[in-house]
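These protein sequence lines are chains A and B, in that order.
So in the working numbering, spot 68 of the first sequence is number 68, and the numbers just go up one at a time.
Each number in the working numbering corresponds to the 1-based position in the second sequence with 262 added.
Where a beta carbon is used, it is the ideal one built from N, C-alpha and C, also for glycine.
Data block below; observations after.
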Amino acid sequence: MDLQCRSLDVKIATGGVALDRDARPVLLIHGAGMDRTVWNQQTRYLAHHGFAPIAVDLPGHGGSDGACHETIGSMAEWVNDFIDEIGMGPVRLVGHSMGCLIALEVASSFSPNVERIVLMGAAAAMPVHPDLLGAAQRNEILAPQLMTAWAHGSRAHIAGNPTPGLWMRSSCQALLERAGDGVIFNDLYACNAYDAGDVAARIECPVTVIVGSEDKMTPPKATAQLVAGFSEVELKHLDGIGHMMMLEAPNDIRKILLEALQ
Amino acid sequence: MVEPDYLKFDTLSLHAGQEPDPTTGSRGVPIYQTTSYSFTDTDQAAGLFNLEQPGHIYSRISNPTVAVLEERIAALEGGVGAVCTASGMAAFHLACATIMSAGNHVVASRNIYGGSHNMLNLTMPRFGINTTFVDPRDLDAWSDAITPDTRVLFAETLGNPGIEVLDIPAVAEVAHQHGLPLMLDATFTTPYLMKPIDLGADIVMHSVTKFLGGHGIALGGVIVDGGRFDWAANDKFPTLSQPYDGYHGITFTEEYGHQALSMRARAEGLRDFGAAMSPTNAFHLLQGIETLPLRMQRHVENTAAVVDFLTDNEAVSWVSHPSVSSHPDHELAKQLLPKGAGAILSFGINGGREAGRRFIENVQLASHVANVGDAKTLVIHPASTTHQQLSADDLVAAGVGEDLIRLSVGLEDAGDIIFDLARALRASQKG
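Here it is in structure tokens:
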């Protein structure tokens with residue numbers, strides 16, 4: 001489905017149903033170089049459990065028009081405009097990785113538009129390995145390869161996809177390979193440059209943070225530093241799970257989301 | 263510079279797709295010989311039927327043993343997913359039926375397995391899907407044959423039975439320039455010798471019955487979804503890019519993006535056509551894949567020895583295998599198949615059809631069967647068996663002469679294979 005924001009087409013996934021404007025809206029924001037489809041294990045479930053999921057492609061990603069926004073702050077401003085545009089706010093905001101940083105900024109700077117946030121693979125700082133940043137800048141396939149290798153827990157490198165027949169590692173790599181030239185670099189650079197400051201302390205809405213014990217990209221220690229800044233937060237641990245937790249442990253994530261989003 | 267710490271091919275051959283059984287700890291893949299699966303509650307049941315959550319409903323659509331095989335093959339090929347079927351032909355049909363409808367058109371290599379040729383040439387037209395066959399080495403022919411109704415380009419990584427090597431990057435470029443996917447039958451090469459997705463293919467299919475299984479004891483097929491083709495980039499693939507009433511209006515590209523083909527092939531194709539793989543066959547085929555790297559190395563070594571023997575034999579008029587320097591695709595094979603160009607070869611026998619008959623009847627170690635890719639050496643006379651449905655003109659176009667013998671080199675001692683062939687060749691010349 002396509003919506004409009006700032007006069008540009010925005011591709012969204014709604015779980016394969018018409019957008020229900022009377023249901024509780026859940027805006028899901030993807031991570032660096034990815035798109036709406038990373039939420040495909042959650043959107044259709046939420047759509048049939050009383051919510052109106054809107055998994056959005058950020059500008060320049062997936063099927064959305066426009067250029068990528070260069071900073072987390074700029075991405076957050078766009079997300080806030082998008083919430084205004086769809087007229088369904090305040091929304092429940094769910095972020096993954098870079099999407100967490102955007103969610104933090106939206107929740108802290110545009111609080112009337114956000115009812116609560118759920119963060120997966122979150123940290124106050126997301127420094128990016130210089131080799132990865134360099135490969136992304138050169139649009140080399142090494143960038144999707146490194147991101148894929150680091151983004152999954154050890155179990156996901158062997159098996160464990162609950163969707164029969166799907167292979168998680170190549171799925172992640174193929175998704176990243178489909179990103180346009182410069183998109184991955186743009187996003188990684190924005191993450192690398194982001195300074196959270198006291199953003200956690202400025203957030204007043206309820207916060208749920210989900211952390212994977214084998215997350216190498218936002219390790220549990222880094223997540224803990226972010227969590228310490230919230231005045232009120234619910235922390236959920238997933239053992240043996242890496243950064244791509246919504247695909248590595250979709251059943252657990254669905255349960256947590258259903259509880260946290262009520 | 264850091265490198266991705268991916269598990270390597272040999273490791274994936276043994277492990278991909280399987281964890282020790284959570285209930286019993288079974289290290290081997292259990293055979294889940296069941297038709298159906300108990301639902302935990304009505305919400306879960308509804309969720310499974312409605313694609314809200316993953317899991318097994320009925321073994322026609324998915325099965326835990328088959329799912330291990332699917333995930334393993336997808337891992338070895340570098341695809342986003344795989345769907346196993348009852349046979350290789352069922353896989354071919356599933357792929358075609360998932361992306362095409364009546365009125366669509368295929369451009370296919372003319373040098374393909376007789377069964378595939380038959381399906382495209384005779385059977386699919388009954389359902390409104392027609393095919394133009396082209397010389398796989400002629401890039402202009404591929405391009406010229408594409409019409410507004412074309413939906414896929416199809417070939418084999420190694421042609422049958424002439425063992426033509428497809429220039430995958432070049433044909434993939436032709437396909438992609440026209441907004442079309444390239445589908446390849448990679449049965450003869452297996453992902454050990456070549457990964458077509460890395461070279462530009464979008465859909466890979468196998469008769470898993472052959473080298474992947476390797477033992478000649480279980481039928482199976484698979485389609486592997488490369489996940490790189492954008493099915494929503496144009497309006498040619500409405501089965502993937504338009505709402506589907508079969509699941510209340512879901513649009514597979516919008517919800518599943520790069521996994522759209524895998525999801526639709528299972529959700530519609532296995533559900534409605536029902537050509538599912540049996541769990542016991544999946545178990546047998548998994549045992550074969552565990553040793554795929556070791557077997558393929560040996561297949562290639564034995565093939566080299568047999569090619570050397572045949573090349574020097576007076577009863578043999580020609581030998582066709584890409585490892586032979588006179589083969590038209592010798593240089594291409596070195597580039598695309600550095601580990602070896604497979605274990606299928608063809609040769610011409612002096613004395614034509616009658617000498618061929620005597621050869622077949624005098625092999626003792628090699629088996630006369632309509633199969634390839636077995637651990638055992640196999641021989642056949644295609645003009646009278648696998649390609650017999652083809653007309654005389656199609657036989658000529660496919661490079662199948664009456665003197666042609668197809669050999670699938672097995673894993674026996676190379677000396678024993680050569681002794682058997684030598685004995686049969688001597689007998690063939692005593693007409």
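Query, Result
"Which residues in the same chain have their Cβ closer than 6 Å to the Cβ of B:K447, if we skip the five residues on either side of it in sequence?", "It is Asp, not Lys, that sits at residue 447 of chain B in the sequence shown. Hits under 6 Å: E418 and M467."
"On the CB-based measure, 16 or more other CB atoms within 10 Å of its CB, does A:K255 come out buried or exposed?", "exposed"
"Below 6 Å CB to CB, which residues in the same chain sit around B:V562 once its five sequence neighbours on both sides are set aside?", "G602"
"Output yes or no for whether 8 Å exceeds the beta carbon distance between A:M245 and A:G121.", "yes"
"With a threshold of 8 Å between beta carbons, is B:I512 in contact with chain A?", "yes"
"I'd like the list of long-range same chain contacts for B:F395, defined as Cβ closer than 6 Å, with 5 residues on each side in sequence excluded.", "A370 and R372"
"Determine, for A:E177, whether the minimum Cβ-Cβ distance to residues of chain B falls below 8 Å.", "yes"
"Are any of the Cβ atoms in chain B nearer than 8 Å to that of A:M244?", "no"
"Restricting to Cα atoms, I'd like to know which of A:N161, A:H129 and A:N186 is closest to B:E265.", "A:H129"
"Look at the alpha carbon of B:L640 and the alpha carbon of B:A628, and state the distance between them as a whole number of angstroms.", "5 Å"
"Note down the Cα distance separating A:A224 from A:L235, rounded to an integer number of angstroms.", "9 Å"
"At least one CB of chain B closer than 8 Å to the CB of A:A143: is that the case?", "no"
"Alpha carbon to alpha carbon, what distance is there between B:E674 and B:F514?", "47 Å"
"If you measure beta-carbon to beta-carbon, which residues of the region 214-242 of chain A are closer than 7 Å to chain B?", "none"
"Please report the Cβ distance between B:N496 and B:G441, rounded to the nearest whole angstrom; I am assuming they are in contact, meaning their Cβ atoms lie under 8 Å.", "5 Å"
"Can A:S74 and A:I203 be called in contact, C-beta distance under 8 Å?", "no"
"So, for B:L481: in the same chain, excluding its five sequence neighbours on each side, which residues have a beta-carbon less than 7 Å away from its beta-carbon?", "A348, S349, T471 and N543"
"Report the neighbours of B:S298 on chain A: residues whose CB is nearer than 9 Å to its CB, in chain order.", "Under the 9 Å cutoff, chain A gives no residues; its nearest Cβ is about 14 Å from B:S298."
"Within 10 angstroms of the Cβ of A:E105, are there 16 or more other Cβ atoms? Answer buried if so, exposed if not.", "buried"
"How many whole angstroms separate the CB atoms of B:I512 and B:G488, which I take to be in contact at a CB cut-off of 8 Å?", "Their Cβ separation, rounded to whole angstroms, is 22 Å, which puts B:I512 and B:G488 out of contact at 8 Å."
"Residues of chain A with CB under 8 Å from B:Q521, in chain order?", "T37, N40, L166 and S171"
"Express the C-alpha separation of A:C205 and A:A136 in angstroms, rounding to a whole number.", "35 Å"
"Taking the straight line between their C-alpha atoms, what separation do you get for B:I699 and B:Q650?", "Lying outside 263 to 693, the shown extent of chain B, residue 699 of chain B is not represented and no answer is given."
"So is A:N161 in contact with chain B if we call contact Cβ pairs under 8 Å?", "yes"
"List the residues of chain A that B:S316 touches, going by C-beta distances under 9 Å, in chain order.", "In the sequence on display, residue 316 of chain B carries Pro and not Ser. Under the 9 Å cutoff, chain A gives Q41, N161, P162, T163, P164, L166, P250 and N251."
"Does the region 80-92 of chain A come within contact of the region 15-29 of chain A, defined as at least 3 CB pairs closer than 8 Å?", "yes"
"What residues match up with A:A13 in a beta bridge as DSSP calls it?", "A:A55"
"Any beta carbon from chain A within less than 8 Å of B:P266's own beta carbon?", "yes"
"Counting beta carbon pairs with one atom in the region 431-441 of chain B and one in the region 604-623 of chain B, are three or more of them shorter than 8 Å?", "no"
"Please state if the CB of B:R413 and the CB of B:D367 are separated by a distance shorter than 8 Å.", "Note that residue 367 of chain B is His in the sequence shown, not Asp. Yes, they are a contact pair."
"When the Cα of A:G87 is compared with those of A:P219, A:A103, A:S64 and A:N113, which residue comes out closest?", "A:N113"
"Using 8 Å as the threshold, is the C-beta distance between B:H583 and B:L607 below it?", "yes"
"Quick check on A:R138 - is its C-beta less than 8 Å from some C-beta in chain B?", "no"
"State the Cα-Cα distance for the pair A:L247 and B:P387, rounded to the nearest angstrom.", "41 Å"
"When we look at the beta-carbon of B:K498 and count the other beta-carbons within 10 Å, is it buried (16 or more) or exposed?", "buried"
"For a cutoff of 8 Å on Cβ pairs, would you count B:A329 as touching chain A?", "yes"
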